[in-house]
Amino acid sequence: MKKSVAVIGAGLAGLRCALLLKEAGIDVHVYEREHHVGGRMKTEKVDGFLLDYGFHVMQTAYPTSQRTFDFEKLGAQAFEPGAIIVQKKKKKAKFWRMADPFRRPIQGALSGMNRFASPLDLLRVARLRFAVTKGKTDQVFEGGNKDALSYLKQQGFSQSIIQRFFHPLFSGIFLEDDLRTNERMFRFVFRMMSKGNMVLPRGGIVAAPNQLAQRLGEDRIHLNSDVSIIDDITLDINGQTKSFDAIVRAFNANQINEKRHVWTLHFDAEHSPLKSRHVLLNGDVKINDGLIAHLAVPSDVQPEYAPVGRSLVTITVVGGRADSLGLTEAPEIEEAVRKEAKVWFPNTSLNWRLLAIQHIEHALPEVGSERPLLATPQVQDFECGDHMLHGSVEGALLSAEAVANAVVVHLQV
Ligand SMILES: Cc1cc2nc3c(=O)[nH]c(=O)nc-3n(C[C@H](O)[C@H](O)[C@H](O)COP(=O)(O)OP(=O)(O)OC[C@H]3O[C@@H](n4cnc5c(N)ncnc54)[C@H](O)[C@@H]3O)c2cc1C
1 MKKSVAVIGA GLAGLRCALL LKEAGIDVHV YEREHHVGGR MKTEKVDGFL LDYGFHVMQT
61 AYPTSQRTFD FEKLGAQAFE PGAIIVQKKK KKAKFWRMAD PFRRPIQGAL SGMNRFASPL
121 DLLRVARLRF AVTKGKTDQV FEGGNKDALS YLKQQGFSQS IIQRFFHPLF SGIFLEDDLR
181 TNERMFRFVF RMMSKGNMVL PRGGIVAAPN QLAQRLGEDR IHLNSDVSII DDITLDINGQ
241 TKSFDAIVRA FNANQINEKR HVWTLHFDAE HSPLKSRHVL LNGDVKINDG LIAHLAVPSD
301 VQPEYAPVGR SLVTITVVGG RADSLGLTEA PEIEEAVRKE AKVWFPNTSL NWRLLAIQHI
361 EHALPEVGSE RPLLATPQVQ DFECGDHMLH GSVEGALLSA EAVANAVVVH LQV
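Just so we're aligned, residue 1 is where the sequence shown starts under the working numbering, counting upward by one.
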């Protein structure tokens with residue numbers, strides 16, 4: 001008889017783990033308390049716009065994503081490598097393009113020269129890129145275990161390039177305002193951005209977990225299931241007791257304690273404010289009372305994100321940054337965002353219509369320098385999810401794979 005396994009949680013980790021167990025010949029069932037799969041990777045439809053839960057992208061270079069997703073079937077479209085940086089000069093906005101700070105860092109940083117990067121900074125960017133892209137991915141998890149800011153300072157980067165480039169980019173990725181994230185995570189993300197593309201699937205970010213759910217089969221996923229664990233093999237599901245050969249917990253029971261939070265504002269715009277498919281980084285975010293970390297126009301990359309003739313503008317405000325400026329309520333965040341965007345786009349931003357303002361609390365697990373960040377997760381009690389490794393699609397998938405392997409060994413299938 002087939003062994004049976006229950007997976008609690010239909011986020012990316014739960015779905016990936018369940019798929020691997022199914023492929024191993026196990027009778028697997030996923031229980032999810034929400035009415036949808038995908039967990040934090042979700043998309044809402046508002047007035048014909050696709051609004052992801054936060055600014056959410058997939059990285060084509062993530063090794064586990066490559067073996068998990070069919071990017072072609074997802075219709076994935078890429079942002080331009082590099083970024084546009086905006087900075088206020090005498091109350092006016094100045095924009096310039098970092099050609100490609102990741103794959104062509106020297107040319108990329110050259111475009112920032114005389115503005116915020118010294119020739120020595122350029123050499124250091126080149127050296128950093130060489131160091132993080134050589135060898136195997138696991139190597140970036142070796143060596144120092146400090147926070148990202150100390151690491152950048154140790155590498156000799158100037159205050160200017162840290163504040164104007166590294167800070168807006170990485171605070172918007174790590175969803176924290178101090179660059180306190182473990183330097184190993186910084187090296188990992190820098191490597192991935194250097195090697196691959198940042199893409200959006202057709203149909204919103206939820207298309208990624210939906211692809212896994214489809215492969216798993218609807219009959220194996222039980223939505224609206226409020227589950228509590230009785231013991232290692234028994235669950236209470238909506239008041240009914242059910243036993244399995246093993247139970248996998250694919251959720252973070254301590255999520256409520258995770259401090260990283262983010263405000264995401266989605267606007268309906270008549271035209272895209274950007275001339276290219278780049279992400280716009282706010283070079284003033286750590287200076288001059290800046291608030292916005294970055295701005296993107298998902299509909300420039302994936303037209304399905306907006307109705308024909310409209311553009312979707314998505315703005316990210318890191319929660320810790322808003323807190324430090326004393327902004328804690330949606331109306332004041334919107335007002336401050338509009339004020340900042342008005343300097344950048346004085347003629348058009350006034351007409352932007354707010355579609356949604358999302359305050360995403362407990363967004364990512366803390367991955368600081370308080371404990372060594374490893375390349376692979378350590379399996380404990382068949383628990384998986386990004387909190388078991390690091391807060392990213394890759395962290396969630398890797399931890400799911402490790403737990404699926406451990407369950408297969410445990411059940412001797
Ligand atoms: C705003 C934001 C932006 C992000 N951007 C990126 C990005 O650009 N790139 C990137 O790589 N990563 C990004 N991430 C991180 C990425 O989304 C997560 O790492 C990943 O989705 C985590 O998946 P998970 O399965 O571990 O957890 P979750 O998605 O949290 O899934 C856990 C699931 O378990 C369910 N559950 C919990 N308790 C129970 C219970 N008792 N019974 C039944 N079900 C239960 C929950 O409802 C949920 O569906 C972002 C995250 C956020 C929040």
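C-beta atoms are modelled at their ideal positions from N, C-alpha and C, and glycine is treated no differently.
No experiment lies behind these values; they were computed from the predicted model shown.
Check                                                                                                        : Outcome
The stretch 227-243 touching the stretch 46-65, judged by at least three CB pairs closer than 8 Å            : no
Residue interval of the beta strand (DSSP E) (run including D284)                                            : Run containing D284: none; DSSP gives neither H nor E here.
Of the listed residues V301, V199 and L312, nearest to V265 (C-alpha basis)                                  : Sequence check: residue 265 is Leu here, not Val. That would be L312, whose Cα lies nearest to the Cα of L265.
Straight-line Cα distance separating E383 from D231                                                          : 14 Å
Any non-hydrogen atom of ligand 1 closer than 7 Å to S392 Cβ                                                 : yes
Member of L21, L216 and L15 whose CA lies at the smallest distance from the CA of V409                       : L21
Q214 versus K91: straight-line alpha-carbon distance, rounded                                                : 51 Å
Any non-hydrogen atom of ligand 1 within 7 Å of H56 CB                                                       : yes
Sequence-distant residues of the same chain with beta carbon closer than 8 Å to D226, five excluded per side : R33, I237 and N238
Residue environment, D386, which counts as buried when at least 16 other CB atoms sit within 10 Å            : buried
Closer than 7 Å: A251 CB and nearest ligand 1 heavy atom                                                     : The sequence shown places Phe at residue 251, rather than the Ala named in the question. True, at least one ligand heavy atom lies under 7 Å from that Cβ.
Cα-Cα separation between A61 and W344, rounded to whole angstroms                                            : 32 Å
Distance, P346 Cα to F188 Cα                                                                                 : 37 Å
Nearest-angstrom Cα separation, counted from T314 out to V285                                                : 16 Å
Cβ-heavy atom distance, Q378 to ligand 3, below 7 Å                                                          : Ligand 3 is not part of the structure shown, which contains ligand 1 as its ligands.
A396: CB within 7 Å of a non-hydrogen atom of ligand 1                                                       : yes
Where I414 falls: helix, strand or coil (DSSP)                                                               : The structure shown does not extend to residue 414, since the chain is modelled only from 1 through 413, so no value can be given for it.
Exposure of E23, with buried meaning 16 or more beta-carbon neighbours within 10 Å                           : exposed
V46 in three-state terms, based on DSSP                                                                      : strand
V262 Cβ short of 7 Å to ligand 1 heavy atom set                                                              : yes
Rounded separation between V279 and E72 - CA only                                                            : 22 Å
Test item: CB-CB of V317 and E176 under 8 Å                                                                  : no
Cβ contact check for the stretch 7-22 and the stretch 185-203: 3 or more pairs under 8 Å                     : no
CA nearest to the CA of N252, picked from D381, L122, G156 and P81                                           : D381
Nearest residue (CA-CA) to E340, options P201, A207 and A293                                                 : A293
Unbroken beta strand (DSSP E) run spanning T316, endpoints                                                   : S311 to V318
G38 burial status per 10 Å Cβ neighbour count (16 or more: buried)                                           : buried
CB-CB length for D212 against L19, believed under 8 Å                                                        : The sequence given here places Leu at residue 212; Asp does not occur at that position. Correct: roughly 6 Å between the Cβ atoms.
Rounded distance between the beta-carbons of L364 and E258, thought under 8 Å                                : 7 Å
Residue environment, I84, which counts as buried when at least 16 other CB atoms sit within 10 Å             : buried
Boundaries (first-last residue) of the alpha helix (DSSP H) holding L128                                     : P119 to T133
Endpoints, the beta strand (DSSP E) within which I85 is located                                              : A83 to K89
Burial state of I256 (16 or more Cβ within 10 Å)                                                             : exposed
Start and end residues, alpha helix (DSSP H) containing E218                                                 : First-last for E218: undefined, no H or E at that position.
Any non-hydrogen atom of ligand 1 closer than 7 Å to R40 Cβ                                                  : yes
Euclidean distance between Cα positions of G9 and G156                                                       : 43 Å
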